[in-house]
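Heads up: the structure comes next, in structure tokens.
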Amino acid sequence: MNKLHSRDIQKVWTVQERKISAVHRAGAVLEPGNWKDYDPFLLLMEDKFEKGAFDIHPHRGMETITYVIDGTINHYDSVTGEGGKLQSGDFQFMTAGRGVVHNESPGEGESVHLLQLWVNLPQKYKMVEPRYQNIHIEDAPIRHEEGAHIRVYSGSSGSVVSNTLNYVPVTFVEMNIENGASVIQDLPGNYNGFIYVLEGSGSFGGNNVQAKKGQALWLGAAGSEPSLIQVTATDQLRLVLFAGVPLKEPVVARGPFVMNTEEEIAQAYADYRNGKFISQ
Ligand code: MN
Numbered sequence: 484m485n486k487l488h489s490r491d492i493q494k495v496w497t498v499q500e501r502k503i504s505a506v507h508r509a510g511a512v513l514e515p516g517n518w519k520d521y522d523p524f525l526l527l528m529e530d531k532f533e534k535g536a537f538d539i540h541p542h543r544g545m546e547t548i549t550y551v552i553d554g555t556i557n558h559y560d561s562v563t564g565e566g567g568k569l570q571s572g573d574f575q576f577m578t579a580g581r582g583v584v585h586n587e588s589p590g591e592g593e594s595v596h597l598l599q600l601w602v603n604l605p606q607k608y609k610m611v612e613p614r615y616q617n618i619h620i621e622d623a624p625i626r627h628e629e630g631a632h633i634r635v636y637s638g639s640s641g642s643v644v645s646n647t648l649n650y651v652p653v654t655f656v657e658m659n660i661e662n663g664a665s666v667i668q669d670l671p672g673n674y675n676g677f678i679y680v681l682e683g684s685g686s687f688g689g690n691n692v693q694a695k696k697g698q699a700l701w702l703g704a705a706g707s708e709p710s711l712i713q714v715t716a717t718d719q720l721r722l723v724l725f726a727g728v729p730l731k732e733p734v735v736a737r738g739p740f741v742m743n744t745e746e747e748i749a750q751a752y753a754d755y756r757n758g759k760f761i762s763q
């Protein structure tokens with residue numbers, strides 16, 4: 484373990500929450516448009532909303548990771564033809580592939596607080612069959628450490644491995660760390676990644692950068708060596724960490740479609756208009 488390259492924190496920023504509508508507030512943890520810097524991630528929104536914030540809509544060429552921080556959301560999708568319910572600590576990994584049509588909404592009079600991360604798909608997987616993986620909090624494996632527990636939703640943490648299927652290798656863990664305790668998360672050196680602090684505060688990386696609730700931290704590069712990122716809680720800390728292999732491909736994104744070329748985007752809109760979008 485002591486051969487792992489200890490990563491620094493490259494930058495820290497504070498997420499600004501904005502009012503989108505009377506029933507929806509949102510903050511961009513990862514602002515869209517920074518395709519090269521955030522590769523393989525496209526954007527991450529923190530949303531707080533009630534019924535009516537979103538309507539039924541399509542996606543192609545990417546995946547979404549939805550993580551419910553608080554509340555309950557009902558989802559409907561074109562793959563199963565029905566839906567399900569996600570509650571606090573539950574997670575959904577939706578591979579849109581060649582096309583899904585879906586909707587997400589809290590129940591009448593309820594609200595939900597969640598994170599939605601868009602993960603890009605490489606050219607060879609953009610048109611794969613859609614796939615939904617719903618993982619409820621009690622089914623996520625947990626790594627226990629002194630003063631800490633780490634839920635492993637995708638990838639691995641130490642010797643604890645998630646069985647979530649990935650097209651693009653992605654690590655997604657949630658950490659709860661008591662004040663004064665430390666956790667070391669191992670990561671392949673070529674992964675890009677970041678941390679978002681949900682509660683409390685901590686000290687992060689080899690350069691001991693301080694951050695608190697509502698702040699995000701981009702992990703410094705590690706070259707090709709195996710690496711680690713160190714986290715120490717300075718106040719009861721809850722965070723999520725996402726990391727993944729960069730694709731290094733051109734990104735053309737329009738609305739809910741993320742492809743490699745303008746022609747593929749035009750095709751996605753044409754297929755959606757012509758009813759050729761969803762698998763029959
Ligand atoms: Mn969507």
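Residue numbers 484 to 763, in the numbering used here, belong to the letters of the sequence shown in order.
Just so it is clear, CB atoms sit at the ideal spot from N, CA and C, and this is done for glycine as well.
None of the values given here were measured: they were computed from a predicted structure.
Check, Outcome
"Residues in the same chain with beta-carbon distance under 6 Å from residue 484, minus the five sequence neighbours each way, listed in chain order, please.", "Note that residue 484 scores a pLDDT of 49, beneath 50, so its modelled location is shaky; the value from the coordinates is reported in the next line. None."
"Taking just the CA atoms, how far does residue 510 sit from residue 498?", "6 Å"
"Beta carbon of residue 659, beta carbon of residue 599: below 9 Å?", "no"
"Please go through the segment 671-724 and give each complete beta strand (DSSP E) segment of 3 or more residues, from N-terminal end onward.", "675-687, 692-695, 698-702"
"Who are residue 574's beta bridge partners in DSSP?", "550, 618"
"With a 10 Å radius around its C-beta and 16 neighbouring C-beta atoms as the bar for buried, classify residue 763 as buried or exposed.", "Model confidence at residue 763 stands at a pLDDT of 46, short of 50, so the residue's coordinates are unreliable; what they give is reported in the following sentence. Under this definition residue 763 is an exposed residue."
"In terms of DSSP beta bridges, what is residue 669 paired with?", "711"
"Could you check how far apart the C-beta atoms of residue 684 and residue 717 are, in whole angstroms? I think they sit under 8 Å.", "5 Å"
"Would you list the residues sitting across from residue 584 in a DSSP beta bridge?", "541"
"What is the DSSP secondary structure of residue 631, counted as helix, strand or coil?", "strand"
"Over what stretch of residues does the alpha helix (DSSP H) that includes residue 747 continue unbroken?", "745-756"
"What do you reckon, is the C-beta of residue 537 under 8 Å from a heavy atom of the ligand MN?", "yes"
"Which residues share a DSSP beta bridge with residue 490?", "The partner list for residue 490 (beta bridge, DSSP) is empty, contrary to what the question assumes."
"Just reading off the alpha helix (DSSP H) that residue 519 is part of, what are its end residues?", "518-521"
"From this set, 739, 715, 745, 667, which residue's C-alpha is nearest residue 488's C-alpha?", "667"
"State buried or exposed for residue 738, treating a residue as buried only when at least 16 other CB atoms are found within 10 Å of its CB.", "exposed"
"Grouping DSSP H, G and I as helix and E and B as strand, with all else coil, what is residue 609?", "coil"
"Measure the alpha-carbon distance for residue 570 versus residue 706 and round it to whole angstroms.", "38 Å"
"Looking only at C-alpha atoms, which of 554, 486, 703 sits nearest to residue 492?", "703"
"In terms of alpha-carbon separation, which member of 722, 650, 618, 709 lies closest to residue 665?", "722"
"Is the segment 676-692 close to the segment 623-631, with three or more CB pairs under 8 Å?", "no"
"How is the beta strand (DSSP E) around residue 531 delimited, first residue to last?", "524-533"
"The ligand MN heavy atoms versus the CB of residue 547: any closer than 8 Å?", "yes"
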